[in-house]
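To start, the structure under review is shown below, and the notes come after it.
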Amino acid sequence: MIGILASVIDGILIGAVYGLAAMGLTLIWGVMNVINLAHGAIVVIGMFVLYTVANMLGLHPYGAVPLMIVFGFVVGIALYWIGVHRMIGRPELMSLLSTFALNMVLIGLGTAWWTTSPYNVQVSMPGVSWRGYTFTGTHITAAALAVVIAGLLYLLLYHTRIGKAVRAVATNREAAELCGIPTTQVLAMAFGLGVALAGVSGTLIATMFPFTVLSGEAYQLKSFVVTVLGGLGNPAGALMGGIALGLIEGLATPFMPLSWIPIVEFGLFVFCLIAFPRGIFSFTKA
Amino acid sequence: MWRRPFPWFIVAAALLYALYPYFADDVGLRESLLLAAVYIILASNLNLMIGYAGYVNFGNIVFFGLGGYVCLYLVTALQWNVIPAALVAGVAVSALALLFGFGILRLRGAFFALATIGVNQAIQQLVVNFEPWGGATGIYLSLDSYGSLGGPMQALWTTYLLIVAVTAASLLASYAIRNSKFGLGLLAIGQNEDAASVLGVPTPLYKAMVYSASAFLPAVAGGLYFFKSGIIEPTSAFNLQTSIEAIVMVMLGGSGTILGPALGAFLYEELRGFLLTAQSFSQFQLVIAGALLLLIVQFVPGGLLGWLHQHWPKTRRWLE
Amino acid sequence: MKKTLYLLAASMLFAASPAFAQETITIGFTASQTGALNNDSTAQMRGIELWRDDVNAKGGIKVGGKSYTVKLVSYDDESQNTRVQQLYTRLITQDKAQFLISPYSSGLVATAAIISEQYGKVMITTGGALEKTYQLGNKNLFQLYTGSSQYLAGALQALKEKNPTPHVAFVYEDDPFSKSVVAAVRETAKKQGDVIAADESYAGSTTDFSPVINKMIAAKADALLGGGHYADGATLARQLHEQKAGVKWITLLVAPDSPKFAELGDAAVGISVPSQWEPEAAYKPDFGPTVAQFTKEFTDKYKIGPAYHAAGGYAAGLILQHAMEKAGSIEPAKVAAELNAMDVTTFFGRTKFSNDPKSHGLQIAHDMVLAQWQKKDGKLVKEVIWPKAAKTADPLY
């Protein structure tokens, strides 16, 4: 029983980080109807930013977090202009392929620079032990930071003018344009925001586990599952969806061989796509 | 269809492709042509979904992998000869696809694309856990399996010829479907599905049929390819990257055309092969492929053939 | 008539020329210079290259009055099966390699073996312990490593000495090698009636081991036998330490043998590894360098001590060389015959290949040891703890 509880708690902690990653994906999807297939590559960028900051520059690892948010935002805007701008309004296939092409370029450059060998950043944080089970400090810190950043996103979207502009463009781009909002710039910023979120989730993941240039793919797939669970375009839903996924993983682990868990995840994914296209937590966008 | 020149052109090209390395006894050439042929098969069958029906099957590699597994299982566990085994693999996988098709083809656009990824990953994981098919280890062919084709060296040539035959069949099938009522219905679905449905095109049936049809030849090819490789295991059989490269090939050559995917596949594979061993460039394979795709999608969405057709309208007649 | 005379004269001239007629012999292989297997595969490649340098420095391989300079052709297989297939095909058909050495890791060896057998080339395999590869009807494979079924036998015995009633957890990578190793020791454990607390396989790319570690804690496991290769083994060791799993005996495959494992610091203490060779080994070689000579040469050149992967690489070249020299020919059939008949001891240990067609090439004479990381004067060192005859320190528990 305690084992199950420990497993569930661990799952929820990781789930918060899954949720953060998915928030970036779902924001972009909701605002401009573009599915960012470069999502995984950006998570990887976040991971290597941590490596650069902590191992190569010798700074405090968690200092990489605010750095990544800013860096991710800038990179996101650049990526928007390179690959996404011309795809807005075109059939979905085109933006899928375009972002996928960006993914290939980014991963290719990453492989050329870092190769596909494993990297690790050693971050030591005091953990919490309870009844023989230890919850590592890095997991707890990552989950806490994920929730904090999600909270900041909420404040941005609902209590600032920029946030209002983003929501306006997401609801109806033409009307927003008519109201004088420079929609193209807003779209670029929204993309930058989504990329920043994805990137910082990578940074947090790298504090917990070793990674390679190819690690992003697994998290991209998880982000899709979470986005579908939480409802497209719904950042709050994404966080909940992430925690839900973590919970499911945590509940399932004590009862089945580990290699069955991905089957459960993907089965759930396909099922939710068919049965609940709006997501399980479909809150209406305020 | 045989009264038009185009199918004969395909047959002639295939004969040349197959027999040239055979008579030149050039094994190195055969190996690289074989890989290109496999990609042509993947791309031109994928084109049925993307180019005709307008549905992007991101997980198309699942047909190839499953076909490989069914075939190799029949060869190793039940001692079948590879040719009937590959054919049965093709039938089995396309039957499965028909079943699946009715379910996931209710989804549109991006949802469908994501679902196909989910299907590929789920099946990969199922195979990893399925011990009769070797689980994560996979199936290893013992070397006497090649005995039925006259020993390993002869078997390699025979599988090459068979794969080229499947390639020709893919292109001919593309052509036949395009010029049929079925094909017309698919193109209508690709243009505007709801309008097509209203006008009497049986959309759910046609979509499931094309999904199934696009599975058959890749499954057969998978059986032959993995037989030749002598080994199949989950990571390489259901490799998502290969799946997506197939999409790049279709776009590169020109989706919706017949020669387009073949051209795109051939060019892409030659580029890849070159980059693979050119030491200084091997890591840039992905960057170049990605940059290419980016440029095509943004500026030349019709691909190579689309561009040719636009600038030289005469080519539309004979370079379909 | 005149032409034949000229030809005769020319050929006699060639035959009579001194052993300085330099030709080359091409040996091909791939190494995982990038990808998950890069750590140990690079070590193996270094071993092969060191052998080539040594041989060429002495004038090359001396066969039937001629000297052959060794030319190595190698590519990066990126730890991937598909690359191995394409590259070995290329090595054979385009680079015209006359002999092959395998890649590192049983999975890749199996893939390369299919290609080498299809084309009838002799391949010395090193870095691959999986026995199944040799049971598929091959004619030209020769395995250097001891087979996977032997890997954890010693570990279980050593464990039982310290704790006759352990709660054993099998946590291992889901790949052909690790699975077959654990299958063998699981059989033994079951026959002995040992308690198996947990039995989980994980995907090689796993980086989050907390679910399985939690499972082990829940099952009150006090011994762990398993692991896989370097990347996952090192991560598992690290996370076991971070989560204070309370496991008293940990034996992991492959990973702890690499000198890089010492980077784990305290997390490495007490972890044992089944090893194909250690620098403390006391073999007396019939030919080639001694253990001390090899260790010194390797450390001098690469500034890091050799683990068994490097030794295996060097030994692969050495055995191939010896076979060619004894056969007096570089013809594959003759070299293969010589390899079949071989029973020698090198710095790597005893080498003898099975001639049984059902398991041709299987290594039947090489022994393994169990090594463990211990703290000596505050520094981390690897000591041999099993079998008793070869040990340099007592096991830590």
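Protein chains in written order, with our numbering: chain A, 46 to 331; chain B, 398 to 717; chain C, -11 to 385.
Glycine is no exception: its CB is placed at the ideal position from the N, C-alpha and C atoms.
At least one beta carbon of chain B lies nearer than 8 Å to the beta carbon of C/D163.
Rounded to whole angstroms, the gap between the alpha carbons of C/K46 and C/Q227 is 48 Å. A Cβ-Cβ contact shorter than 8 Å links C/F130 with C/F341.
Within the segment 502 to 532 of chain B, the residues whose Cβ lies closer than 8 Å to some Cβ of chain A are R503, L504, G506, A507, F508, A510, L511, A512, I514, G515, V516, Q518, A519, Q522, L523, V525 and N526, listed in chain order. Secondary structure in the segment 563 to 636 of chain B: the alpha helix (DSSP H) runs of 4 residues or longer, each lying completely within the stretch, are 578 to 588, 590 to 595, 600 to 626 and 631 to 634 in chain order. Secondary structure of C/G337 (DSSP, three-state): strand.
Fewer than three beta-carbon pairs drawn from the segment 183 to 193 of chain C and the segment 557 to 570 of chain B are found closer than 8 Å, and the two stretches are therefore not classed as touching. The residues P418 and Y557, in chain order, have a CB closer than 6 Å to that of B/R427 in the same chain once the five nearest residues on each side in sequence are set aside. Interface criterion not met: the Cβ of B/I655 is under 8 Å from no Cβ in chain C. In the structure shown, the three-state DSSP call for C/G16 is strand. C/A299 carries a helical assignment under DSSP once its states are collapsed to helix, strand and coil. Straight across, the Cα-Cα distance linking C/Y296 with A/M170 is about 35 Å. In this structure, the alpha-carbon of A/L197 lies about 13 Å from that of A/V110. For B/A688, the chain A residues whose Cβ falls inside 7 Å of its Cβ are V150, in order along the chain. For C/K167, the nearest CB of chain B lies under 8 Å from its own CB, placing it at the interface with that chain.
Looking at the DSSP output, A/S174 sits in a beta bridge with A/T179. In chain order, T161 and S162 make up the part of chain A whose C-beta sits under 7 Å from the C-beta of C/G23. Residues of the segment 51 to 71 of chain C with a C-beta atom less than 8 Å from some C-beta of chain B are Y63, D64, Q68, N69, T70 and R71, listed in chain order.
At a cut-off of 8 Å between beta carbons, B/T534 contacts chain C.
Interface with chain C (8 Å Cβ-Cβ cutoff): A/G172 is included. At a beta-carbon threshold of 8 Å, the residues of chain B lying near A/G128 are L691 and Q695, ordered along the chain.
A distance of 8 Å or more separates the beta carbons of C/V170 and C/G116. Between the alpha carbons of C/L252 and C/E230 lies a gap of roughly 11 Å.
Scanning B/A612, B/N454 and B/F403 for the CA closest to the CA of B/Q638 turns up B/N454.
For the segment 546 to 559 of chain B, the set of residues with a beta-carbon nearer than 9 Å to any beta-carbon of chain C comprises P549, M550, A552 and L553, in chain order. Of all C-beta pairs linking the segment 287 to 302 of chain C to the segment 30 to 45 of chain C, three or more are shorter than 8 Å, placing the two stretches in contact.
Look at C/Y107 here: in three-state DSSP terms it is coil, with no helix or strand label. Closer than 7 Å at the C-beta level to chain B, one finds these residues of the segment 292 to 325 of chain A: S304, W305, P307, I308, F311, G312, F314, V315, L318, I319 and P322. Counting the other CB atoms within 10 Å of its CB gives A/W158 a total below 16, which places it among the exposed residues.
In the DSSP assignment, C/S29 falls within the unbroken alpha helix (DSSP H) covering N26 to A45.
For A/T186, no Cβ of chain C is located within less than 8 Å of the residue's own Cβ. Within chain C, no residue has its CB atom less than 7 Å from the CB of A/F269, the nearest being about 18 Å off. With respect to chain A, the C-beta atom of B/V453 has a partner C-beta closer than 8 Å. Within 7 Å of the CB of C/N202, the CB atoms of chain A belong to G48, A51, S52, D55 and Y178, in sequence order along the chain.
The beta carbon of B/I438 sits closer than 7 Å to the beta carbons of V563, T564, S567, L614, P615 and A618 from its chain, once the five residues preceding and following it are set aside; these are given in chain order. Any Cβ of chain C closer than 8 Å to the Cβ of A/T181 would place that residue at the interface, and such an atom is present.
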